[in-house]
Amino acid sequence: MHTPTEGRSLFMHVLVACSGNATLETALLDAGHRVTLLVPADTVEQRRADTPRADGVFGISRWHDPIEATRLLPLLPADLDRVATIDEQAVARPCAVIRERLGLPGLTVADALAHTDKDVAKRRLSRAGIRVARHLPVRSGAQVAKAGEELGWPVVVKPARGAGATNTFVVEDKAHLDRLIRQGVFDRRVPDSTGRFGAGEFLLSLNERPGGFLVEEFIRAKEEWFVDLYLHEGELLGAFPGRYSAPLLGVLGRHQWDAVVPASHRDAREVVKLALQASRALGSGTGVVHCEILRTPDREPKRQWVFGEAAHRPGGGGIATLYCRQHGLDLPPILAALAVGERPDIRLDAAPPTLANLVIAAPPGTVRRVATADELLRLDGVLDAQVNLTPGQRTPGNFGTMSLAGAVTLRAESLDDVARRCEALVDALGLEVTGPQTQVEGCVR
Numbered sequence: 329m330h331t332p333t334e335g336r337s338l339f340m341h342v343l344v345a346c347s348g349n350a351t352l353e354t355a356l357l358d359a360g361h362r363v364t365l366l367v368p369a370d371t372v373e374q375r376r377a378d379t380p381r382a383d384g385v386f387g388i389s390r391w392h393d394p395i396e397a398t399r400l401l402p403l404l405p406a407d408l409d410r411v412a413t414i415d416e417q418a419v420a421r422p423c424a425v426i427r428e429r430l431g432l433p434g435l436t437v438a439d440a441l442a443h444t445d446k447d448v449a450k451r452r453l454s455r456a457g458i459r460v461a462r463h464l465p466v467r468s469g470a471q472v473a474k475a476g477e478e479l480g481w482p483v484v485v486k487p488a489r490g491a492g493a494t495n496t497f498v499v500e501d502k503a504h505l506d507r508l509i510r511q512g513v514f515d516r517r518v519p520d521s522t523g524r525f526g527a528g529e530f531l532l533s534l535n536e537r538p539g540g541f542l543v544e545e546f547i548r549a550k551e552e553w554f555v556d557l558y559l560h561e562g563e564l565l566g567a568f569p570g571r572y573s574a575p576l577l578g579v580l581g582r583h584q585w586d587a588v589v590p591a592s593h594r595d596a597r598e599v600v601k602l603a604l605q606a607s608r609a610l611g612s613g614t615g616v617v618h619c620e621i622l623r624t625p626d627r628e629p630k631r632q633w634v635f636g637e638a639a640h641r642p643g644g645g646g647i648a649t650l651y652c653r654q655h656g657l658d659l660p661p662i663l664a665a666l667a668v669g670e671r672p673d674i675r676l677d678a679a680p681p682t683l684a685n686l687v688i689a690a691p692p693g694t695v696r697r698v699a700t701a702d703e704l705l706r707l708d709g710v711l712d713a714q715v716n717l718t719p720g721q722r723t724p725g726n727f728g729t730m731s732l733a734g735a736v737t738l739r740a741e742s743l744d745d746v747a748r749r750c751e752a753l754v755d756a757l758g759l760e761v762t763g764p765q766t767q768v769e770g771c772v773r
């Protein structure tokens, strides 16, 4: 593993906002920094027990409520040096609010909103000359029809602030919209299968969203790429590009794969270039920025790429683990260094392999048949396998693109090879699920 820092700073006192993933606070404590935690209010006692090295643990009932952040200010330690998070729920509020009120370095409220609010981001990116999907904010499902007529059907409906493509779907036309309204889709809350989102707004129905939600033109993409940029004061330290098996809207609830490729890949170079341009327009500064970019069939090269979204955190769903394995990086110390403003020394493999995660998706019901992790590990190219399913078990629910059913990590020669190997893995998995609708298997596109 590579050592992560150069130019070591003094030990600092860091307020870390976290709803469950303890990677950042653990890394900061291991590096000798002091940590105070900000967590969902109903987890305070448990987090005190789980993190005895923390100076203190404070609770918050709503991440996106600016009044909550203001209420916390007089209660927080007076000697805080930094405010940090890798939790998307906490980037804009309260972290940016507390940071700005205390005069600490890092994302401002305006720049934090540009990384969490899709309306704010798209307007800022458009002004910078970066192509994004046209969109309109609306307040209710009833207003989608007018937006659809203006943007052109079909349209995509999505929260302005969301995660994992929850409450995100395509509306084909006015008749389809009317059916969705009658079915109560715009009033439907998202079940939290992870237990991490109770203090956020990601679970709210679209009609409940503070400030409304977005209607967006449907981009007919043939591919969806991603890249994680590691930045220090705007300088690019490392870029980790990859591609999803298909645009995410087309694989929700199905098996899918995420693959990381060498940065020298022809298409990856274009992805990194566009993502870096967007990160500068958004004011990303220091930290990790996860970007998603669509590629269309347009024959004009410059028109092929449409910037989707950016989040000020590492890619989820095992993506960060995948590229760290690809390059032999130790991620937690790198995150800790960035959190305190240090410049991590990120050394990239000159010829990294193509690695992928097959993300297993199980439809609702009871598992009838499934291979074990040991059986999958015997297959050529498989590096790791986790199967959280057993015959007779009720399938775990998903949270948007996040699956609790398991994943398989594999090595391949190319993206085409990834697709072939994942098809074979789906066959070897042999997942059969019975339920009210007798759904069997997902599919890889």
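Going by my numbering, the first residue of the sequence shown is number 329, and it counts up by one from there. Cβ coordinates follow ideal geometry from the N, Cα and C atoms, glycine included. As the structure is a computational prediction, the values presented were derived from the model and not from experiment.
query	result
Separation of Ser468 from Glu428, as counted between CA atoms	32 angstroms
Buried or exposed by the 16-neighbour rule on C-beta atoms within 10 Å, applied to Gln765	For Gln765, the pLDDT reaches just 47, beneath the cut-off of 50, and the residue's location in the model is therefore unreliable, although a value from the coordinates is still provided. Classification for Gln765: exposed.
Enclosing beta strand (DSSP E) for Asp712 [first to last residue]	710-715
Closest residue to Gly387 among Asp358, Ala359, Ala418 (Cα-Cα distance)	Ala418
Within 8 angstroms, strictly: CB atoms of Val600 and Pro569	yes
Cβ-based neighbour list, Pro394, same chain, cut-off 7 angstroms, excluding 5 preceding and 5 following	Arg421, Val425
For Ala609 and Ala314, the rounded distance between their alpha carbons	Because the chain spans 329 through 773 in this model, residue 314 falls outside it and cannot be assessed.
DSSP state of Ala345 mapped onto helix, strand, coil	strand
Paired residues, beta bridge with Val367 - DSSP	Gly387
Endpoints, the alpha helix (DSSP H) within which Gln417 is located	Premise fails: Gln417 is in no alpha helix (DSSP H) and is neither H nor E.
Residue closest to Gly523, alpha-carbon to alpha-carbon, out of Ile674, Val367, Val385, Ile509	Val367
Alpha carbon of Asp407 to alpha carbon of His341, nearest angstrom	7 angstroms
Length of the line joining the Cα atoms of Ile414 and Phe635	22 angstroms
Straight-line Cα distance separating Pro661 from Pro380	20 angstroms
Best match in Phe339, Asp370, Thr371, Ser347 for proximity to Leu356 [C-alpha to C-alpha]	Phe339
Leu559 versus Val466: straight-line alpha-carbon distance, rounded	34 angstroms
Nearest to Arg749 (by Cα), restricted to the options Pro691, Gly669, Leu683	Leu683
Cβ pair Leu717, Val736 closer than 8 angstroms	no
Span of the alpha helix (DSSP H) around Arg451	446-455
Any 3 or more C-beta pairs closer than 8 angstroms across the region 371-378 and the region 436-443	no
Beta-carbon separation (whole angstroms), Ala756 vs Leu707, contact threshold 8 angstroms	6 angstroms
Extent of the continuous beta strand (DSSP E) to which Arg696 belongs	694-697
Neighbour-count burial assignment, Thr700, 16 or more Cβ in a 10 Å radius	exposed
Length at least 3, wholly inside the region 726-766: the beta strand (DSSP E) runs in chain order	734-740, 760-762
From Ile621, Pro681, Ala689, residue whose alpha carbon lies closest to that of Val555	Ile621
Alpha carbon of Ala345 to alpha carbon of Ser454, nearest angstrom	31 angstroms
Under the three-state DSSP convention, the category Asn685 falls into	strand
C-beta atoms of Pro724 and Gly581 nearer than 8 angstroms	no
Simplified DSSP assignment, three categories, for Arg773	Any answer about Arg773 is weak, because its pLDDT of 31 lies below 50 and its placement is not dependable; what the coordinates show is given next. Note: Arg773 maps to coil in three-state DSSP.
Among Asp506, Pro719, Asp673, Ser742, nearest to Thr762 - alpha-carbon criterion	Pro719
Backbone CA spacing between Val670 and Glu741 [nearest angstrom]	Residue identity differs from the one stated: residue 670 is Glu in this sequence, not Val. Approximately 35 angstroms, taken between the alpha carbons.
The beta strand (DSSP E) enclosing Pro422, as first and last residue numbers	It is not in any beta strand (DSSP E) - Pro422 carries neither H nor E in the DSSP assignment.
Unbroken beta strand (DSSP E) run spanning Ala638, endpoints	633-639
The region 526-541 touching the region 588-598, judged by at least three CB pairs closer than 8 angstroms	no
Cα-Cα separation between Ser389 and Asp626, rounded to whole angstroms	46 angstroms
Coarse secondary structure for Gly469, derived from DSSP in three states	helix
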